[in-house]
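In the working numbering, the protein residues as written are 1 to 198.
The beta-carbon is built from N, C-alpha and C at its ideal position, and this holds for glycine as well.
So the structure is just underneath, and the comments pick up after that.
Quick look at the structure:
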């Protein structure tokens with residue numbers, strides 16, 4: 001019997017144009033534009049404006065899905081022996097963020113996905129096989145998380161050189177099915193095969 005894969009879908013949001021999974025991996029380009037502005041040389045000038053927009057009512061709920069993101073997550077959730085969770089970090093000034101992230105998921109993925117949301121400031125303590133996230137370095141209490149981090153390209157990480165030890169998805173048009181299948185294949189190998197491949 002095939003082992004069940006647990007996927008942590010984290011940044012349901014857009015990249016340069018649009019992208020999705022943290023719910024942000026499924027959400028559009030406005031999020032990434034704001035994130036890029038905050039990281040730019042103009043940071044000091046625009047930080048207050050950025051934070052006002054970021055923390056404003058309806059910011060998260062009004063974001064559009066990234067092309068192919070909602071469809072990819074729905075398809076993943078229907079795959080045999082695969083559990084999909086949306087793991088997202090609430091912003092620190094959370095007046096609207098948690099509610100709006102839940103509302104966004106319900107609006108775009110349906111109410112059945114509400115049970116699949118994990119809100120946490122530390123993703124390293126969440127157990128799973130694959131984490132798809134746009135954040136290049138995910139740090140927390142657990143130095144060796146159980147999941148493989150697949151980097152999802154966004155404007156704030158596209159400049160990073162390829163890392164041979166980390167897989168990357170450029171968009172939801174990339175071969176995310178192959179990433180899942182390869183992980184499933186690794187999980188099916190007997191323990192002695194895994195040791196031989198190390």
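{"Asked": "Residue 62 - partner residues in DSSP beta bridges", "Found": "Its beta-bridge partners do not exist; DSSP assigns none."}
{"Asked": "Beta carbon of residue 132 nearer than 8 Å to that of residue 113", "Found": "no"}
{"Asked": "Nearest-angstrom Cα separation, counted from residue 130 out to residue 105", "Found": "20 Å"}
{"Asked": "Given 8 Å, three or more beta-carbon pairs between the segment 114 to 122 and the segment 80 to 96", "Found": "yes"}
{"Asked": "First and last residue of the uninterrupted beta strand (DSSP E) at residue 108", "Found": "Element bounds for residue 108: not the beta strand (DSSP E) but the alpha helix (DSSP H), 97 to 109."}
{"Asked": "Run of the alpha helix (DSSP H) containing residue 70, from where it starts to where it stops", "Found": "69 to 78"}
{"Asked": "Straight-line Cα distance separating residue 61 from residue 149", "Found": "26 Å"}
{"Asked": "From 182, 176, 67, residue whose alpha carbon lies closest to that of residue 76", "Found": "176"}
{"Asked": "Rounded C-alpha distance that separates residue 172 from residue 70", "Found": "9 Å"}
{"Asked": "Alpha-carbon spacing of residue 57 relative to residue 96, whole angstroms", "Found": "6 Å"}
{"Asked": "Same chain only: Cβ atoms within 7 Å of residue 140, ignoring 5 sequence neighbours per side", "Found": "122, 123, 124, 125"}
{"Asked": "Residue 134 beta carbon less than 8 Å from that of residue 154", "Found": "yes"}
{"Asked": "Test item: CB-CB of residue 168 and residue 151 under 8 Å", "Found": "yes"}
{"Asked": "Alpha-carbon to alpha-carbon, residue 182 and residue 52", "Found": "42 Å"}
{"Asked": "Distance between residue 166 and residue 178 (C-alpha atoms, nearest Å)", "Found": "15 Å"}
{"Asked": "DSSP-derived helix/strand/coil call for residue 131", "Found": "strand"}
{"Asked": "Under the three-state DSSP convention, the category residue 179 falls into", "Found": "helix"}
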